[in-house]
Amino acid sequence: MRLASCIKKYRDDTHRAVSPEETLRAAEAKLPAAGITRVADITDLDRIGIPVFSSIRPMADRGAISVYNGKGATPTEARVSAMMEGLERYSAEVRDRQLDIASFSLLDGALDPRDLILPVDADPDALIPWISGWDMMNQEEILVPANAVFHPLPSEYRRLFRTNTTGLASGNVIEEAIFHGLAEIIERDAWALVEAARHAGPLIQDVKDDLARGLMDKFAAAGVDVYLRDITSDIGVATCAAAADDLLLRDPTLLTTGMGTHTSAKVAVLRALTEVAQSRLTQIHGAREDTTLADFRKRIGYERT
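The sequence shown begins at 5 in our numbering and counts up by one.
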């Protein structure tokens with residue numbers, strides 16, 4: 005694999021290799037192959053007005069969700085985001101890929117499963133499926149446990165841990181996809197540190213960017229408090245967390261969060277704001293299958309102090 009610098013041709017509220025309109029045309033052509041049957045504008049189900057779309061893929065693998073949401077500062081960006089999320093999930097399935105079954109001790113040029121921080125009862129030398137990957141640090145091919153690559157991993161394969169989508173990302177070019185995959189890993193690591201330390205970082209109070217300010221005004225006009233926190237970790241890549249509290253409905257399921265990580269702090273804030281709007285609509289729309297946290301919040305109720 006050869007990676008190179010990628011010129012950013014779109015830098016309004018996010019940084020991309022091409023404009024959202026160009027991405028939209030390319031993504032639409034791929035929807036039938038991925039089994040995406042519908043892309044819906046769900047923005048008006050909420051009163052905030054920040055664009056959110058959903059895409060539906062009825063034939064998703066067992067163990068995967070089939071409804072994916074996307075957000076953006078504009079309807080086109082939100083539509084593209086939902087489409088690309090669906091394409092990501094399709095790409096993350098094993099489907100007809102050939103996996104090699106082997107133990108780590110019998111392989112050359114393989115990633116040690118213990119580097120993946122395994123559960124205490126996992127056997128690092130078990131017979132598991134492997135897939136070829138690329139080590140960017142050492143610039144060489146490497147075998148990687150398929151368990152760490154695909155989501156979901158079909159039940160016929162032995163697992164070391166539960167699969168997830170952390171680090172799964174798409175892009176107009178491979179470099180863009182890698183960048184956003186790394187950003188997601190940094191973001192979730194930063195949030196894990198927040199949860200471990202039980203400290204959310206300093207409050208971001210002076211937002212000067214016009215676009216971010218406009219998004220915050222939409223929340224305020226709808227009677228929804230939004231709080232921004234700087235949760236940038238020791239890695240040093242700007243990471244923002246947004247939390248929303250609906251003062252009118254006082255619904256615990258609408259105590260939602262959103263996060264954003266980017267080398268541009270401005271983009272990180274915008275991503276957090278649009279994601280918290282998406283999180284609200286995920287609950288309101290009610291179509292996704294992974295709303296366990298919201299169910300818990302509903303049980304414990306709402307009390308503002």
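Glycine is no exception: its CB is placed at the ideal position from the N, C-alpha and C atoms.
| query | Applying the criterion that 16 or more other CB atoms from any shown protein chain within 10 Å of the CB defines a buried residue, is S85 buried or exposed? | reply | Within the sequence shown, residue 85 is the residue found at index 81, counting from 1. By the neighbour-count rule (16 or more Cβ atoms within 10 Å), S85 is buried.
| request: Measuring alpha carbon to alpha carbon, tell me which of K13, A31 and A201 ends up nearest S174. | output: Working through the sequence shown from its first residue, we reach residue 174 at position 170. Selected option, being the one with the closest Cα: A31.
| If you draw a straight line from the alpha carbon of A38 to that of G90, how long is it in whole angstroms? | Numbered from 1 along the sequence shown, position 34 holds the residue referred to as residue 38. Numbered from 1 along the sequence shown, position 86 holds the residue referred to as residue 90. In this structure, the straight-line span from the alpha carbon of A38 to that of G90 is close to 8 Å.
| Does the separation of the CB atoms of T278 and G53 fall below 8 Å? | Here residue 278 is taken as the residue at index 274 of the sequence shown, counted from 1. Here residue 53 is taken as the residue at index 49 of the sequence shown, counted from 1. For the 8 Å CB-CB criterion, T278 and G53 do not form a contact.
| task | Decide if A96 is buried, meaning its Cβ has at least 16 other Cβ atoms within 10 Å, or exposed. | result | Counted from its first residue, the sequence shown places residue 96 at position 92. Classification of A96: buried, given that the 10 Å Cβ count is 16 or more.
| For the stretch 37–119, which segments carrying the alpha helix (DSSP H) assignment without a break, of at least 4 residues, lie completely within its bounds, in sequence order? | The qualifying runs are 79–95.
| message | Please report the distance separating the alpha-carbon of G264 from that of A272. | response | Looking up residue 264 in the sequence shown gives position 260. Looking up residue 272 in the sequence shown gives position 268. Computed Cα separation, rounded: 4 Å.
| message | Going by C-alpha to C-alpha distance, which of M140, V148 and T286 sits closest to P133? | response | Along the sequence shown, one-based indexing puts residue 133 at 129. Checked all of M140, V148 and T286; the closest Cα to P133 is V148.
| field | Alpha carbon of A152 to alpha carbon of T167, nearest angstrom | value | In the sequence shown, the residue the question calls residue 152 occupies position 148. In the sequence shown, the residue the question calls residue 167 occupies position 163. Distance between the alpha carbons of A152 and T167: 7 Å.
| task | Quick one: measure Cβ to Cβ for T261 and A194, integer angstroms, because I've assumed they're closer than 8 Å. | result | For this step, residue 261 is matched to residue 257 along the sequence shown. For this step, residue 194 is matched to residue 190 along the sequence shown. With 8 Å as the limit, T261 and A194 do not qualify as a contact, their Cβ atoms being about 13 Å apart.
| field | A181 - DSSP class collapsed to helix/strand/coil | value | Numbered from 1 along the sequence shown, position 177 holds the residue referred to as residue 181. Look at A181 here: in three-state DSSP terms it is helix.
| query | Among residues of its own chain, excluding the 5 on either side of D129, which ones have a beta-carbon nearer than 6 Å to its beta-carbon? | reply | Locating residue 129 in the sequence shown gives position 125, counting from the first residue. Cβ within range, chain order: S107, F108 and S109.
| query | What's the C-alpha gap between M5 and I288? | reply | By 1-based counting over the sequence shown, the position of residue 5 is 1. By 1-based counting over the sequence shown, the position of residue 288 is 284. A direct Cα-Cα distance of roughly 42 Å separates M5 from I288.
| task | Leaving out five residues on either side along the sequence, give the residues of the same chain with a beta carbon under 6 Å from the beta carbon of L115. | result | Taking the first residue of the sequence shown as 1, we reach residue 115 at position 111. Excluding sequence neighbours, L115 sits near I146 and V148.
| For Q282, is the classification buried or exposed, using 16 other Cβ atoms within 10 angstroms of its Cβ as the cut-off for buried? | If you number the sequence shown from 1, residue 282 lands on position 278. It counts as buried.
| request: On a CA-only basis, which of R66, L7 and V71 is nearest L157? Give me that one, please. | output: By 1-based counting over the sequence shown, the position of residue 157 is 153. Minimum Cα distance to L157 is reached at R66.
| Can at least three beta-carbon pairs, one atom from the stretch 250–259 and one from the stretch 213–222, be found at a separation below 8 Å? | No, the stretch 250–259 is not in contact with the stretch 213–222.
| query | Which value, in whole angstroms, describes the spacing of the CA atoms of L49 and V124? | reply | Walking along the sequence shown from the start, residue 49 turns up at place 45. Walking along the sequence shown from the start, residue 124 turns up at place 120. Rounded to whole angstroms, L49 to V124 spans 44 Å at the Cα level.
| said: To the nearest angstrom, how far is the alpha carbon of S59 from that of I46? | reply: Indexing the sequence shown from 1 puts residue 59 at position 55. Indexing the sequence shown from 1 puts residue 46 at position 42. Distance between the alpha carbons of S59 and I46 is about 10 Å.
| Which runs of the beta strand (DSSP E), 3 residues or longer, sit entirely within the stretch 115–192? | Runs of the beta strand (DSSP E) inside the stretch 115–192: 132–139 and 144–149.
| message | Would P62 and A82 qualify as a contact pair, given that the criterion is a beta-carbon distance under 8 Å? | response | Along the sequence shown, one-based indexing puts residue 62 at 58. Along the sequence shown, one-based indexing puts residue 82 at 78. Against a cut-off of 8 Å, the Cβ pair of A82 and P62 comes out as no contact.
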